[in-house]
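**Student:**
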Amino acid sequence: MKISVIGSGYVGLVTGACLSDVGHIVTCVDNNKDKIDMLNRGEMPIFEKGLKELVQNNVEDNRLFFTTDIKKATENACVIFIAVGTPPDEDGSADLQYVLAVAKDIGNYMNGYKVVVDKSTVPVGTADYVKSTIADVLKSRNADHEFDVVSNPEFLKEGVAIDDFMKPDRVVIGTESERAKNLMHEVYSAFTIQHDRIIFMGIRSAEMTKYAANAMLATKISFMNEISRLCEEVNADVEDVRTGIGSDHRIGYSFIYPGIGYGGSCFPKDVKALIKIAHKHNSTAKILEAVEEVNDEQKLVMVEKIVSHFGENLKDKVFALWGLSFKPMTDDMREAPSRVIIRELIKRGAKIQAYDPEAMKESKRIFGNHQNIKYFDDQYDAVKNADALVLITEWRQFRMPDFEKVYLLLKEKNIFDGRNQYEPDQMKKIGFTYYCIGRPSK
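This is the structure in structure tokens:
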């Protein structure tokens, strides 16, 4: 099939690369010429495990193309994915200006029947706006082309996005059109050969499914973080509690790891948007509002522990930070806890020595050449002469570090573990003053 993907960001690029890898002819479009030039040179604008090789292989095999020419991409494709950003507006709702701008372009260049697929995360009812936008443009052209608008939300986890796309738990497709249903089944058939995981439903149900899924996962995270705070108050060990409740198959172990809050491009934005949707329709969102409030507070928990140990004035104190991205296996720092922690420490006069395997370039973009932040190419160099090590992101290489080396390098023997990666008894035995989340620590 000839497919176009409008928007070559995280979702669009992964979608285009994976669809081309099973034989479809895919054109990825973006209005950012620098990004398209970069992709045509074989360079990636984002870090995602395996993506560079996947893109290169399919470009070499003439199945994957990159262009700024949306006219040609629209004319040549039978299925067009809209995968542009929907950033939160000032009131927390999803900003649809880029989605609707693409819809206008599609209407302008449509030359026959097309299936237009909303891949971006969009509020319930967006497909209706896209449909009416395209219809209005066609009417102004005196063109009578048929088309269908389909909702096909993405469920990709950063760091394992390619595996998620290639081996999906489910493929949700919202459509009332048999013609569109058949074409979308053809698009995804190669990914569901062993077991048909395609779930067809109404368009609005598909749009709601995406928000509900992310809100549910965010709820599990905030719930466990709130339990971790209570564990500290009653001298219980949240890791024992997690094991105890996770063994119940109705709950499971996924997304119940206590930490310093969720971040990224999806959970914060989608929780805010779903709250806004509820208010718009005169409904309540009490649980979601609490989820958001708990998460905002959780990002400050490690700062509170640091201030409790050192005092409010952190001038001349040096903190080694391991991890900057909001999760491992990505360079994404959108809504990352590290951003809050760094700002709070710097505000109190602290100096930062940071290391992250992938996100340091992004951190430099965010914070600029801040005089209180230094970056290191080696995780142990970042620790040298620091007053404390602060673990923010649970990259695999941080799980079993050389603690004797860390002990010798630190000026003061303090570890603040925001991801409960280490055992309190072991840390105490080595000689560290150790703080973590929801566990007896020091």
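Just so we're aligned, residue 35 is where the sequence shown starts under this note's numbering, counting upward by one.
Note that CB positions come from ideal geometry on N, CA and C, so glycine has one too.
Since Phe257 sits in a beta bridge, which residues does DSSP pair it with?
**Tutor:** As a first step, residue 257 is located in the sequence shown; it is residue number 223 there, counting from the start. Phe257 is not bridged to any residue.
**Student:** Please return the same chain residues whose Cβ sits closer than 8 Å to the Cβ of Arg175, not counting the five positions on each side in sequence.
**Tutor:** Position 141 of the sequence shown holds residue 175. Same-chain partners within the cutoff: Gly141 and Asn142.
**Student:** Assign Asn329 to buried or exposed, taking buried as 16 or more other Cβ atoms, counted over all protein chains shown, within 10 Å of its Cβ.
**Tutor:** Position 295 of the sequence shown, counted from the first residue, corresponds to residue 329. Buried, since its Cβ has 16 or more Cβ neighbours within 10 Å.
**Student:** What did DSSP end up calling Asn403 once you bin it into helix, strand or coil?
**Tutor:** Taking the first residue of the sequence shown as 1, we reach residue 403 at position 369. DSSP places Asn403 in coil when its eight states are reduced to three.
**Student:** Round the Cβ separation of Val530 and Val156 to the nearest angstrom and send it over; I've been treating them as touching at under 8 Å.
**Tutor:** Residue 530 lies beyond the stretch modelled for the chain, which goes from 35 to 476, so this question has no answer here.
**Student:** By a C-beta neighbour count over all protein chains shown, 10 Å radius and 16 as the cutoff for buried, is Tyr44 buried or exposed?
**Tutor:** The residue labelled residue 44 in the question sits at position 10 within the sequence shown. Classification for Tyr44: buried.
**Student:** With a threshold of 16 other CB atoms inside 10 Å of the CB of Tyr468, please say whether the residue is buried or exposed.
**Tutor:** Here residue 468 refers to the residue found at position 434 of the sequence shown. Buried: at least 16 other Cβ atoms inside 10 Å.
**Student:** Once you ignore the five residues that flank Gly46 on each side, which residues in its own chain have a CB closer than 8 Å to its CB?
**Tutor:** Indexing the sequence shown from 1 puts residue 46 at position 12. Excluding residues within five positions, the ones whose Cβ falls inside 8 Å are Val39, Ile40, Cys62, Asp64, Phe115, Ala117, Val118 and Lys153.
**Student:** As an exercise, report each continuous beta strand (DSSP E) stretch of at least 3 residues that is fully enclosed by the region 130-189, in chain order.
**Tutor:** Entirely contained in the region 130-189, the beta strand (DSSP E) runs reaching 3 residues are, in chain order, 148-152 and 181-185.
**Student:** So, for Ala246: in the same chain, excluding its five sequence neighbours on each side, which residues have a beta-carbon less than 8 Å away from its beta-carbon?
**Tutor:** What you label residue 246 is simply residue 212 of the sequence shown in a count that begins at 1. Around Ala246: Leu308.
**Student:** Using 8 Å as the threshold, is the C-beta distance between Gly452 and Met336 below it?
**Tutor:** Indexing the sequence shown from 1 puts residue 452 at position 418. Indexing the sequence shown from 1 puts residue 336 at position 302. Yes. Within cutoff.
**Student:** Classify Gly236: buried if its beta carbon has 16 or more other beta carbons within 10 angstroms, exposed otherwise.
**Tutor:** Within the sequence shown, residue 236 is the residue found at index 202, counting from 1. So Gly236 ends up on the exposed side.
**Student:** Write down every uninterrupted run of the beta strand (DSSP E) in the region 55-80 whose length is 3 residues or greater and which is fully enclosed by it, in chain order.
**Tutor:** As far as the region 55-80 is concerned, its whole beta strand (DSSP E) runs of at least 3 residues are 59-63.
**Student:** With H, G and I counted as helix, E and B as strand and the rest as coil, what does DSSP make of Ile482?
**Tutor:** Because the chain here runs from 35 to 476, residue 482 falls outside it and cannot be looked at.
**Student:** Span of the beta strand (DSSP E) holding Gln387?
**Tutor:** Numbered from 1 along the sequence shown, position 353 holds the residue referred to as residue 387. Unbroken beta strand (DSSP E) run through Gln387: Lys385 to Tyr389.
**Student:** So, Leu85 versus Met78, is the Cβ gap smaller than 8 Å?
**Tutor:** Counting from one through the sequence shown, the residue named residue 85 turns up at place 51. Counting from one through the sequence shown, the residue named residue 78 turns up at place 44. Result yes, Cβ atoms of Leu85 and Met78 sit closer than 8 Å.
**Student:** The alpha helix (DSSP H) with Met461 in it runs from where to where?
**Tutor:** Translated into the one-based positions of the sequence shown, residue 461 becomes position 427. From DSSP, the alpha helix (DSSP H) with Met461 extends over Pro458 to Ile464.
**Student:** Confirm, please, whether the CB-CB distance from Leu134 to Ala249 is below 8 Å.
**Tutor:** For the purposes of this step, residue 249 is taken as the residue at position 215 of the sequence shown. For the purposes of this step, residue 134 is taken as the residue at position 100 of the sequence shown. No, they are not a contact pair.
**Student:** Looking at C-alpha atoms only, which residue of Met242, Asp282, Ala224 and Gly297 is the closest neighbour of Ser256?
**Tutor:** Mapped onto the sequence shown, residue 256 falls at position 222. It is Gly297 whose Cα lies nearest to the Cα of Ser256.
**Student:** Given a cut-off of 8 Å on the beta-carbon distance, is the pair Leu53 and Val149 in contact?
**Tutor:** On the sequence shown, position 19 is the one that residue 53 refers to. On the sequence shown, position 115 is the one that residue 149 refers to. Their beta carbons are not under 8 Å apart, which means Leu53 does not touch Val149 by this criterion.
**Student:** Met336 lies in the alpha helix (DSSP H); which residues open and close that run?
**Tutor:** Taking the sequence shown and counting its residues from 1, the one referred to as residue 336 is at position 302. From DSSP, the alpha helix (DSSP H) with Met336 extends over Val335 to Phe344.
**Student:** In the DSSP output, which residue or residues are listed as bridge partners for Ser38?
**Tutor:** Your numbering for residue 38 matches position 4 in the sequence shown. Answer is Thr61 and Ile114.
**Student:** Return the chain-ordered list of same chain residues with a C-beta closer than 6 Å to the C-beta of Asp421, the five sequence neighbours on each side being excluded.
**Tutor:** Residue numbering aside, residue 421 sits at position 387 when the sequence shown is read from its first letter. Closer than 6 Å at Cβ, skipping near neighbours: Lys351, Val352, Lys445 and Glu446.
**Student:** Can you say whether Thr277 is buried or exposed, counting buried as having 16 or more other CB atoms within 10 angstroms of its CB?
**Tutor:** Walking along the sequence shown from the start, residue 277 turns up at place 243. The residue is exposed, with fewer than 16 neighbouring Cβ atoms inside 10 Å.
**Student:** So if DSSP puts Ile207 in a beta bridge, which residue, or which two residues, is it bridged to?
**Tutor:** Start at 1 with the first residue of the sequence shown, and residue 207 comes out as number 173. Ile207 is bridged to Phe234.
**Student:** If I measure Cβ to Cβ from Lys191 and keep anything under 7 Å in the same chain, skipping five residues before and after, which residues do I get?
**Tutor:** Here the question's residue 191 lines up with position 157 in the sequence shown. Hits under 7 Å: Asp198.
**Student:** From Cys265 to Pro458, what does the alpha carbon distance come to, in whole angstroms?
**Tutor:** As a working mapping, residue 265 is identified with position 231 in the sequence shown. As a working mapping, residue 458 is identified with position 424 in the sequence shown. Each residue's Cα considered, the two are about 15 Å apart.
**Student:** Is it buried or exposed, Asn419, if we count other Cβ atoms within 10 angstroms and call 16 or more buried?
**Tutor:** Locating residue 419 in the sequence shown gives position 385, counting from the first residue. Its Cβ having fewer than 16 others within 10 Å, Asn419 is exposed.
**Student:** Tell me whether Lys173 is buried or exposed, calling it buried when 16 or more other Cβ atoms sit within 10 Å of its Cβ.
**Tutor:** If you number the sequence shown from 1, residue 173 lands on position 139. Lys173 should be labelled exposed.
**Student:** Under a Cβ-count criterion, where at least 16 other Cβ atoms within 10 Å of its own Cβ denotes burial, should His229 be classed as buried or exposed?
**Tutor:** Locating residue 229 in the sequence shown gives position 195, where the first residue counts as 1. Classification of His229: exposed, given that the 10 Å Cβ count is below 16.
**Student:** Do Ala388 and Ala416 have their C-beta atoms within less than 8 Å of each other?
**Tutor:** On the sequence shown, position 354 is the one that residue 388 refers to. On the sequence shown, position 382 is the one that residue 416 refers to. It is a contact, given that the beta carbons lie within the stated cut-off.
**Student:** With a CB to CB cut of under 6 Å and the five nearest residues on each side skipped, what residues in its chain are close to Glu260?
**Tutor:** Your numbering for residue 260 matches position 226 in the sequence shown. Excluding positions up to five away in sequence, the list reads Val328.
**Student:** Helix, strand or coil: which one does DSSP assign to Tyr468?
**Tutor:** Here residue 468 refers to the residue found at position 434 when the sequence shown is read from its first residue. Reduced to three states, the DSSP call for Tyr468 is strand.
**Student:** With a 10 Å radius around its C-beta and 16 neighbouring C-beta atoms as the bar for buried, classify Ala107 as buried or exposed.
**Tutor:** As a working note, residue 107 is residue 73 in the sequence shown. It is buried - the Cβ of Ala107 has at least 16 other Cβ atoms within 10 Å.
**Student:** Just how far apart, CA to CA, sit Arg382 and Gln405?
**Tutor:** Stepping through the sequence shown from its first residue, residue 382 is reached at position 348. Stepping through the sequence shown from its first residue, residue 405 is reached at position 371. The alpha-carbon atoms of Arg382 and Gln405 are separated by roughly 14 Å.
**Student:** Just curious, the alpha helix (DSSP H) that Val93 is in, first and last residue?
**Tutor:** Stepping through the sequence shown from its first residue, residue 93 is reached at position 59. Its alpha helix (DSSP H) spans residues Leu85 to Glu94.
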